[in-house]
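Note that the sequence shown ends on residue 240 in UniProt numbering; no numbers are left out.
All C-beta atoms, glycine included, are put in the ideal place defined by N, C-alpha and C.
Step one of this worksheet: look at the structure below.
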Amino acid sequence: MQQPGFFDLMSFGPGGWGPAMLTGALVTLALALCGFAIGAVFGAVAAFAKIAGGRIARTIADIYTTVLRGIPDLLVIYLFYFGGSTVLTSIGRLFGHDGFIGLPGFATGAIAIGIVSGAQHTEVFRGAFRAVHRGEIEAAIAAGMHPFLRFRRIIAPLVLRYALPGLGNIWQIVLKESALVSVTGVVELLRQAQVGAGSERQPFTFYFAAAILYLVITSLSSITFRQAEGYFSRGVRRSR
1 MQQPGFFDLM SFGPGGWGPA MLTGALVTLA LALCGFAIGA VFGAVAAFAK IAGGRIARTI
61 ADIYTTVLRG IPDLLVIYLF YFGGSTVLTS IGRLFGHDGF IGLPGFATGA IAIGIVSGAQ
121 HTEVFRGAFR AVHRGEIEAA IAAGMHPFLR FRRIIAPLVL RYALPGLGNI WQIVLKESAL
181 VSVTGVVELL RQAQVGAGSE RQPFTFYFAA AILYLVITSL SSITFRQAEG YFSRGVRRSR
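Here it is, written out as structure tokens:
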């Protein structure tokens with residue numbers, strides 16, 4: 001019996017794996033978006049602590065970035081998922097619940113990825129703030145802008161302009177790290193490819209299809225970040 005070809009397996013018709021692979025790609029994209037957003041929040045807070053915080057805040061931020069950048073990402077996911085489930089199970093037993101209580105795999109994975117990427121966000125934001133010319137901030141102060149308006153109109157747009165190239169790199173890293181979340185039971189793109197490969201016994205076909213989908217996502221992401229860089233660099237003279 002002849003095995004089905006690539007387009008037969010990836011079709012959207014009866015017996016095709018197209019819908020399942022596309023769903024896995026959407027789960028991957030959702031994981032990456034959530035993790036990236038969470039990481040941006042942690043990174044902004046830690047960067048602020050390093051720039052304007054006191055000694056204790058700076059120390060905590062330094063420990064955060066050092067530890068999270070030195071521990072493998074998969075280990076962080078394991079610690080959050082199994083550690084958090086163990087804590088919930090212990091709390092449940094105090095209230096008479098008998099059995100294991102597991103954390104939601106998607107939420108746990110997104111938080112773990114976000115906290116890990118937050119360490120990278122921190123350095124990107126801190127470097128971008130240092131790149132802002134001091135005279136631009138002093139001019140805003142001289143114009144009488146209060147701190148919030150100064151941050152919204154001057155500091156935030158300039159920091160984002162300088163941070164975008166680094167944020168684009170972090171996004172690509174987060175996108176690839178989303179494949180690690182499959183250890184929590186989440187069926188993302190790579191996990192779906194593994195399921196299809198085992199079911200149809202054609203691993204190359206499914207992994208090749210997964211690679212194509214990853215490349216599509218990364219290519220569209222690169223275009224988006226380039227457009228964002230162009231938008232925030234309006235009015236800036238580029239050197240030739």
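Where the alpha helix (DSSP H) through residue i begins and ends
i           : result
Gln172      : 156-177
Ser199      : 189-200
Ile101      : Ile101 -> no alpha helix (DSSP H), and no H or E assigned at all.
Arg55       : 55-70
Ala46       : 18-52
Leu88       : 73-94
Ser219      : 203-232
residue 318 : Beyond the ends of the chain as shown, which are 1 and 240, falls residue 318; an answer cannot be given.
Arg150      : 147-150
Phe7        : 6-9
Per-residue burial, residue i [other beta carbons within 10 Å of its own, 16 or more giving buried]
i           : result
Gln3        : exposed
residue 242 : As shown, the chain starts at 1 and ends at 240. That puts residue 242 outside it, with no answer to give.
Gln227      : exposed
Arg81       : At residue 81 the sequence reads Tyr, which differs from the Arg that was named. When all chains shown are included, Tyr81 counts as buried.
Ala156      : exposed
Leu94       : exposed
Glu177      : buried
His146      : exposed
Ile38       : buried
Thr59       : exposed
Leu213      : buried
Trp17       : buried
Leu189      : buried
Phe42       : buried
Leu9        : buried
Gln175      : According to the sequence displayed, residue 175 carries Leu and not Gln. Label assigned to Leu175: buried.
Pro14       : exposed
Gly54       : exposed
Residue i versus residue j: straight-line alpha-carbon distance, rounded
i      : j      : result
Arg240 : Leu180 : In this predicted model, Arg240 has a pLDDT of only 49, less than 50, meaning its place in the structure is not dependable; the value taken from the coordinates is given anyway. Distance between the alpha carbons of Arg240 and Leu180: 42 Å.
Thr28  : Phe6   : 22 Å
Leu160 : Ser221 : 17 Å
Met21  : Arg201 : 16 Å
Ala61  : Arg69  : 12 Å
Gln120 : Thr65  : 7 Å
Gly92  : Gly84  : 12 Å
Thr122 : Ser90  : 34 Å
Ile77  : Ala112 : 5 Å
Pro19  : Thr205 : 15 Å
Ile223 : Ile217 : 10 Å
Leu79  : Gly102 : 13 Å
Ile56  : Gly35  : 27 Å
Gly196 : Leu31  : 21 Å
Ala209 : Gln192 : 11 Å
Ser11  : Val116 : 36 Å
Gly168 : Phe225 : 6 Å
Val45  : Arg153 : 19 Å
Leu164 : Glu229 : 6 Å
Phe100 : Ala140 : 56 Å
Ser219 : Gly114 : 22 Å
Phe125 : Tyr162 : 8 Å
Asp98  : Leu88  : 12 Å
Gly109 : Val67  : 18 Å
Ala25  : Gly144 : 49 Å
Residue i CB to nearest heavy atom of the ligand SAM below 8 Å
i      : result
Glu136 : Ligands in the displayed structure: none, and consequently the ligand SAM is not present.
Q.
Is it the case that the stretch 180-198 contacts the stretch 125-137, given that we only count it when at least three CB pairs across the two stretches are under 8 Å?
A. no
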